[in-house]
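Engineer: In the numbering used here, the protein residues as written are 544 to 1153. Each residue gets a CB set at the ideal place from its N, CA and C atoms; glycine is no exception. This one's a predicted model, so the numbers in the text were calculated from it and none came from an experiment.
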Ligand code: M6R
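#1: Per DSSP, residue 746 is paired with what?
#2: Going by alpha carbons, who is nearest to residue 749 out of 794, 1035, 556, 701?
#3: CB residue 760 to CB residue 788, shorter than 8 Å?
#4: Give the single residue among 717, 608, 601 whose Cα lies nearest to the Cα of residue 642.
#5: Exposed or buried, residue 640, counting other C-beta atoms within 10 Å across all chains shown (16 or more means buried)?
#6: Which partner residues does residue 615 have in the DSSP bridge list?
#7: Any idea which residues DSSP pairs residue 792 with across the strands?
#8: Tell me the rounded alpha-carbon separation between residue 591 and residue 571.
#9: Is residue 571 near the ligand M6R, with its Cβ less than 7 Å from a heavy atom?
#10: Look at the alpha carbon of residue 611 and the alpha carbon of residue 584, and state the distance between them as a whole number of angstroms.
#11: Given 7 Å as the limit, tell me if residue 1069 has its C-beta closer than that to any heavy atom belonging to the ligand M6R.
#12: Enumerate in chain order the residues of its own chain whose CB-to-CB distance from residue 1023 is below 6 Å, with the five nearest sequence positions on each side excluded.
#13: Taking the alpha-carbon positions, what's the residue 536 to residue 671 distance?
#14: So does the segment 1000-1020 actually touch the segment 833-846, counting three or more Cβ pairs closer than 8 Å?
#15: Using C-beta distances below 7 Å, list every residue in its chain close to residue 1126, excluding the 5 sequence neighbours before and after it, in chain order.
#16: Take the Cβ of residue 669 as the centre, count every other Cβ of all protein chains shown within 10 Å, and call the residue buried at 16 or more, exposed below.
#17: Is it buried or exposed for residue 941, if we count other Cβ within 10 angstroms and need 16 for buried?
#18: Residues bridged to residue 590 by DSSP?
#19: Could you spell out the range, first to last residue, of the alpha helix (DSSP H) harbouring residue 558?
#20: Is the number of C-beta pairs between the segment 1128-1140 and the segment 1033-1042 that are closer than 8 Å three or more?
#21: Which residues mark the beginning and the end of the beta strand (DSSP E) in which residue 887 is found?
#22: Considering only the alpha carbon of each residue, which of 589, 824, 617, 733 lies closest to residue 573?
#23: When we look at the beta-carbon of residue 715 and count the other beta-carbons within 10 Å, is it buried (16 or more) or exposed?
#24: Measuring only the C-alpha atoms, how far is residue 724 from residue 615?
#25: Just tell me which of 851, 927, 775, 768 has its CA closest to the CA of residue 689.
#26: DSSP on residue 785, reduced to helix/strand/coil?
#27: Measure how close the beta-carbons of residue 1068 and residue 1114 come, nearest whole angstrom, since I'm counting them as under 8 Å.
#28: When the distance is taken between beta carbons, is residue 893 closer than 8 Å to residue 848?
#29: Start and end of the alpha helix (DSSP H) containing residue 900?
#30: What is the rounded straight-line gap between the Cα of residue 746 and the Cα of residue 606?
#31: Once DSSP output is grouped into helix, strand and coil, what is the label at residue 877?
#32: Check this for me: beta carbons of residue 1042 and residue 1079, under 8 Å apart or not?
#33: Which word fits residue 733, buried or exposed, when buried means at least 16 other C-beta atoms lie within 10 angstroms of its C-beta?
#34: I'd like the list of long-range same chain contacts for residue 957, defined as Cβ closer than 6 Å, with 5 residues on each side in sequence excluded.
#35: If you run the structure through DSSP and keep just helix, strand and coil, what is residue 681?
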C-alpha cells in the first residue's frame, strides 16, 4: 500500500526520491509527493494525485538542489486521493515535514487539542497531526520531539520526519509499518521496502516496532521510545536489482510466471538430506521433541497465500499424517480462537506485511501458541514476529497478482511436510522419491510454460469475452481451481469461481449453459475417474470443457473441447504444474482486454490495512 523513501547525504535528493518511489509503485497508490530542503529551509513540497510520473513531470526546472528529502506514495484511507491529502504533510508553521504509513487512531482527539492551540489543519488526513505534534514539542532536539509526539499517538506508523531546525537530519520511527534503513558511504537512505534502496546500497537495517532511528550523512543511531540505545545488525540484501526490473518482459506478471523454474530451484537449494530422503530446514526453532509432539497444524493466510496453504494442508495430512486445517486470517483474528500447545501454527504470507495475517498470528501467540512464518520478504513484520519459519526464496514479487510466490510457498510447505513425515510414517525410500520428483519440477515447469505461451494466448482470445468462468478441481487441485479463478478475476475482472468439482452439482451447475467455459484440473491421480464424471455433467449441459491433464489421457482428451497437457509428477506435486497454464491464461486474457496487468484496479500488493 503506501510507500516511503528518504535520503540524506551529499547527492541531489530529488532524483533519488523519485526513483525510489517508482520502485515502490507496485505496492499500489493513488497519489505521491516529495519534500526536500537545503540549509535551513524553507521546506519545498511537491505533490500530485495520480501516477508518480505526473508528479515528476510537474516538478520545477531546474530541480531544487537539495541533499535531504522524504517522499511518499499514498493509498487513500482518511480522505480522498487528492493533492492536499497526499504526503508529505507540513506542520502549520511549515517547520516540520512528515511522511507516514499506517493509521493514527486517535487523530480526532489530537486534532481537537492542537486546534485549541491555534493549529490550522489543511487536509482530511490523520497524518497531519504528527508534524504538528513534533513542532509543538520541539525544544532544540528533533529526536526528542518525535518521541514525545509518538507517546501521544495510538495506532500504527512507519514515519520519517524532517525539520528546518535540524537540516541534514531525518528521524525515523516504526510501529507496525515496515521501515528499512539503507547504509551508504557518507549517506543514509530509508524506505518502507528494500526495492527502493537496492540501486544505491545492499547494506540494510530492519527497524523493529518501538524503535527510532536518527539519520544523518555520518550514519545512524537507534534507540527506543524511552531513549535506550539499541544495537542494530546490518544485513545484506541477497537478491539483485534485475529481479525488480522487467528486463525483456512487457510485464512483471509474465516475468514472474516464467521465473518459477528458477524460484523453485532456489527454494530447493541446500534443503535436501538426500541420503535420508529428508528435508533440511534451518530456522524452524523447534526441538525434535516439539516436532514429535505436533498433534495438529493450523495454517493462517489470505488470498493466494490461503490457496497455497490449503493445497499444503493436503500434503501435510498425507505425508506428515497430522490433521491440518486452514483459516482465513481475517476470520481467525476475531473468532477468539482455541489455541493449544500441541498445535503448530503456520502464518503464510508473501509480503510478510498483511495486516489480517499479522493480527491473527499475534492473537495466537498471545494465547501461548507457537507460530512459524512461511514468508518471502526477508525482515518483514511477519517474519520478525514469527517464532521461527521458512523463507520461501521466490525473490521479489512485483506484480500485484501473485504467481511465483504461490509455487514457492507450496514448495516450502511440502518440504516441511516431508520433514515432519520423516519423523513419523514416511520411509527414507518414499522421501527420496518425493525429493526426486521435486528436483524434476523446474525442468517440467519450464516446458509447461514454454509450450503454454501460444496455447494460452489462443485460449485467452476465447475467454476474454466470457461473462463467467468456472474452475473445478478435486483433492489437492481444488485449491488450484480456487487460485486459477482468483488469478483470472483479479487481472481480467471477469467473474470467476473456483470450486471443489463435486460441489458443482449442489448449486453452481445452475450457472452452466451453452458455451459456459469450465476449466477442469484433472491429473491422472486417484480422483481422476470422479473428475471425469463431473466433466460429463458439464458436457451434458453444453458447457465448454477446458481440461488441464496429463499426456496420454485419452478419456479426458476425448471429452474436452480444449486439452492442456502438463507432465505427470508425484501425485502430491501436481498443483505446481497445473497452476502454471492458469497463470498464463489469466495474464493473456487480461492483456487482450487491455487491463493494467501489473496493477489491477483497486488492488494493492500488500494489504496492510483491515
Ligand atoms: O502478502 P500476502 O501473501 O500475505 O498477501 C495475501 C493476499 O493479499 C495476496 O495473495 C492477494 O490475494 C494477491 N493479490 C493474489 O494475487
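Structural biologist: Once the coordinates are examined:
#1: 779
#2: 701
#3: no
#4: 717
#5: buried
#6: 547, 576
#7: For residue 792, which the question treats as bridged, DSSP gives no partner whatsoever.
#8: 15 Å
#9: no
#10: 11 Å
#11: no
#12: 1016, 1064, 1118, 1121, 1122
#13: Outside the displayed span of the chain (544 to 1153) sits residue 536, for which this structure offers no information.
#14: no
#15: 800, 946, 1030
#16: buried
#17: buried
#18: 576
#19: 556-566
#20: yes
#21: 886-892
#22: 617
#23: buried
#24: 15 Å
#25: 768
#26: helix
#27: 5 Å
#28: yes
#29: 898-909
#30: 28 Å
#31: coil
#32: no
#33: buried
#34: 858
#35: coil
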